[in-house]
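Heads up, the thing below is written out as structure tokens.
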Amino acid sequence: MLGAHHLASTPDTVLWGELPCAADPAVVRISAGETITVDTVSHEGILPDQGRDPREFFARFGVPADRVPADAVAIAAALPRSAASGPHVVTGPIAVRGAAAGDLLAVTVVDLARRADYGIVSSRHGRGALPDSHPAGPVHSVFCRADGDEGILPLRQDEAAYRDAGRAIRFPLRPFLGIMGVAAAGAARPNSIPPGLYGGNLDITCLTVGSTLYLPVQVDEAGLYVGDPHYAQGDGEVALTAFEAPLRATLRVEVVPGAARIAGGRPYAETRELLIGIGLDPDLDEACRESVRAALDLLAHRYAIPAELGYAYLSAAADVRISQVVDRVKGCHTVIRKADFREWD
11 MLGAHHLAST
21 PDTVLWGELP
31 CAADPAVVRI
41 SAGETITVDT
51 VSHEGILPDQ
61 GRDPREFFAR
71 FGVPADRVPA
81 DAVAIAAALP
91 RSAASGPHVV
101 TGPIAVRGAA
111 AGDLLAVTVV
121 DLARRADYGI
131 VSSRHGRGAL
141 PDSHPAGPVH
151 SVFCRADGDE
161 GILPLRQDEA
171 AYRDAGRAIR
181 FPLRPFLGIM
191 GVAAAGAARP
201 NSIPPGLYGG
211 NLDITCLTVG
221 STLYLPVQVD
231 EAGLYVGDPH
241 YAQGDGEVAL
251 TAFEAPLRAT
261 LRVEVVPGAA
271 RIAGGRPYAE
281 TRELLIGIGL
291 DPDLDEACRE
301 SVRAALDLLA
311 HRYAIPAELG
321 YAYLSAAADV
331 RISQVVDRVK
341 GCHTVIRKAD
351 FREWD
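Structure follows, in structure tokens:
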């Protein structure tokens, strides 16, 4: 599915390891209410500790060179990357006409199509949920395949892995974009790893097709960007990465004027079934508390629920989930069932 606009990932339309800021010019301009299709690129297979040559890297697992996306090859060959930067390839910024600081940018995921039938889950020593013990060496990249709605993790990790998985762990695919955000205020580009009030590397598994992420606009015309495509991720993303692989993402972008304070100035999200408060903090406990505060704000805004009653409801019926524990700034999200408020319809 293609949107009204199409944005390819090229050395001229992406940043590697950094997020856009107010000083970055737009690579494309769209209007509120329009759709845009973005061909996103996964960073796995192009990083320096993997050789910066995705064709050579994936050949270790039997992937033919013509099955490696050409945009990943071009970006790895042409784009400089600082060692202090994050790993992610981020496409944008996309200017949205009429969006202004203080608005909300509502980004609805219309469609996600796989651009490859394989990908990588990586862990790196000193990072992840178990930084002192896993992996034993500096980096460990695990090859996975995608077949229909199923992810396949072969027990044999060699040049036969792509064509013949053999005995394998099999799990459901649930694709989403790990990174969706708006440009940060000021002239300094944030590192791509930690999420913030501008969104960024949120890694929330609920943000699948049909979901909407609401981002507090920091600069005029918003500067939307996306990246870090995932085919599947468990809540927590414990090893450091998800099942990382490229997606073609079609998004609908709308502007909600003057609404940036709805969840206390935080990003928030919803699906057809859920309302989702998001909490971010370097301390996981505080991130969970922030997600509860965001959920209370959403209950007050959407349903006019007093805080004392909302707090009781959350304790009785809502789930506080860990988004990720690996991005320097930890993430939690509190999930509210919209069906519990059917009498408000």
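Per the numbering used here, the sequence shown starts with residue 11, numbered consecutively.
Virtual Cβ for every residue (Gly too), placed ideally from N, Cα, C.
Predicted model only: the values in this text are computed from it and were never measured.
> In angstroms, rounded to a whole number, what distance separates the CA positions of Ser202 and His15?
Replying inline: Their backbone Cα atoms lie some 25 angstroms apart in a straight line.
> Can we say the segment 111-118 touches the segment 129-138, given the rule of at least three CB pairs closer than 8 angstroms?
Replying inline: Inter-segment contact for the segment 111-118 and the segment 129-138 is absent: fewer than three beta-carbon pairs are separated by less than 8 angstroms.
> Roughly how many angstroms lie between the CA atoms of Asp168 and Gly129, to the nearest whole one?
Replying inline: Straight-line Cα distance between these residues: approximately 14 angstroms.
> Quick one, are the C-beta atoms of Ala279 and Leu217 less than 8 angstroms apart?
Replying inline: Less than 8 angstroms separates the beta-carbon of Ala279 from that of Leu217.
> Going straight from the alpha carbon of Arg166 to that of Val37, what length do you get?
Replying inline: Spanning the two alpha carbons is a distance of roughly 42 angstroms.
>> Check whether the segment 205-216 and the segment 69-87 are in contact - that is, three or more C-beta pairs closer than 8 angstroms.
In response: Contact check between the segment 205-216 and the segment 69-87: fewer than three CB pairs, one atom from each, fall below 8 angstroms, which does not count as touching.
> Across which residues does DSSP place Lys340 in a beta bridge pair?
Replying inline: DSSP, once it has assigned bridges, lists Asp291 as partnering Lys340.
> Taking just the CA atoms, how far does Leu234 sit from Ile40?
Replying inline: Spanning the two alpha carbons is a distance of roughly 10 angstroms.
>> Going by C-alpha to C-alpha distance, which of Gln243, Asp34, Ala273, Asp238 sits closest to Leu257?
In response: Relative to Leu257, the option among Gln243, Asp34, Ala273, Asp238 whose CA is nearest is Asp238.
> Per DSSP, His240 forms a beta bridge with which residues?
Replying inline: Under DSSP, His240 forms a beta bridge with Phe186, Glu254.
> Under the three-state reduction of DSSP, which class applies to Gln334: helix, strand or coil?
Replying inline: In this structure, DSSP gives Gln334 an extended state, which the three-state scheme calls strand.
> My guess is that Ala270 and Ala126 are in contact by the Cβ rule of under 8 angstroms, so how many angstroms apart are they, rounded?
Replying inline: In this structure Ala270 does not touch Ala126 by the C-beta definition: roughly 36 angstroms separates them, more than the 8 angstroms allowed.
> From which residue to which residue does the alpha helix (DSSP H) around Ala322 run?
Replying inline: Segment 317-327, the alpha helix (DSSP H) holding Ala322.
> Where Ile272 and Thr222 are concerned, what is the direct C-alpha to C-alpha distance, given to the nearest angstrom?
Replying inline: Rounded to the nearest angstrom, the two C-alpha atoms are 15 angstroms apart.
>> Am I right that Val229 and Ala259 are in contact with their C-beta atoms under 8 angstroms? What's the rounded C-beta distance?
In response: A Cβ-Cβ separation of about 22 angstroms leaves Val229 out of contact with Ala259 under the 8 angstroms criterion.
> Buried or exposed: Pro316, going by 16 or more other Cβ atoms within 10 Å of its Cβ?
Replying inline: Classification for Pro316: exposed.
> At what residues does the beta strand (DSSP E) containing Glu160 begin and finish?
Replying inline: Segment 160-164, the beta strand (DSSP E) holding Glu160.
> Between the C-alpha atoms of Ala252 and Ala326, what's the straight-line distance to the nearest angstrom?
Replying inline: Computed Cα separation, rounded: 31 angstroms.
> Just how far apart, CA to CA, sit Ile56 and Ala86?
Replying inline: About 6 angstroms.
> Looking at C-beta atoms only, is the number of pairs between the segment 17-31 and the segment 168-187 that lie closer than 8 angstroms three or more?
Replying inline: At 8 angstroms Cβ cutoff, the stretches do not touch.
>> With distance defined between alpha-carbon atoms, name the residue in Gly268, Ile286, Glu300 nearest to Gly108.
In response: Of the candidates Gly268, Ile286, Glu300, Gly268 places its Cα closest to the Cα of Gly108.
>> Tell me whether the segment 324-344 and the segment 290-297 touch, counting them as touching only if at least three CB pairs, one residue from each stretch, are closer than 8 angstroms.
In response: As far as the Cβ criterion goes, the segment 324-344 touches the segment 290-297, which means the pair count is three or higher.
> Using the rule of at least 16 other Cβ atoms within 10 Å of the residue's Cβ for burial, across every protein chain shown, is Gly13 buried or exposed?
Replying inline: When all chains shown are included, Gly13 counts as buried.
> On the premise that Leu319 lies in contact with Pro277, defined as a C-beta separation below 8 angstroms, what is that separation, rounded to the nearest angstrom?
Replying inline: Taking C-beta atoms under 8 angstroms as the contact rule, Pro277 and Leu319 fail to qualify, at a distance of about 25 angstroms.
> What are the boundary residues of the alpha helix (DSSP H) that Phe357 is part of?
Replying inline: There is no way to answer for residue 357, as the model of the chain reaches only from 11 to 355.
> Using a C-beta cutoff of 8 angstroms, does Asp22 count as contacting chain D?
Replying inline: This model lacks chain D altogether, as it is built from one protein chain only.
> How would you label Asp59, buried or exposed, when you count the other beta carbons within 10 angstroms and need 16 or more for buried?
Replying inline: Exposed is the call here.
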